[in-house]
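According to the working numbering, the stretch in the sequence shown is residues 5 to 58, in order.
Idealized CB from N, CA, C, for every residue including glycine.
Fair warning: this is a prediction, and the values are worked out from it, not measured in the lab.
Below you'll find the structure, written out as structure tokens, and then a few comments.
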Amino acid sequence: MPQLDTIFISTIFLWTWMMLILLMKKIVSMSMVSPPKNLSYMKFNKQTLTLPWT
Numbered sequence: 005m006p007q008l009d010t011i012f013i014s015t016i017f018l019w020t021w022m023m024l025i026l027l028m029k030k031i032v033s034m035s036m037v038s039p040p041k042n043l044s045y046m047k048f049n050k051q052t053l054t055l056p057w058t
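Here is the structure:
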């Protein structure tokens, strides 16, 4: 029954894309709601790297 396989594959494909889109929306909404908790990444941005050939 090839139709059953086609329906199954298309259903899985649509479900996967829907889950990915919903997950992306959830991540974006969560990152907009809560500010970053740890500010230690600011320390690394201020440091300048010394290059070995200078």
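Could you compute how far the alpha carbon of residue i sits from the alpha carbon of residue j?
i	j	result
Ile-16	Met-36	30 Å
Ile-13	Thr-54	53 Å
Trp-21	Leu-27	10 Å
Leu-8	Ile-31	34 Å
Met-23	Lys-29	10 Å
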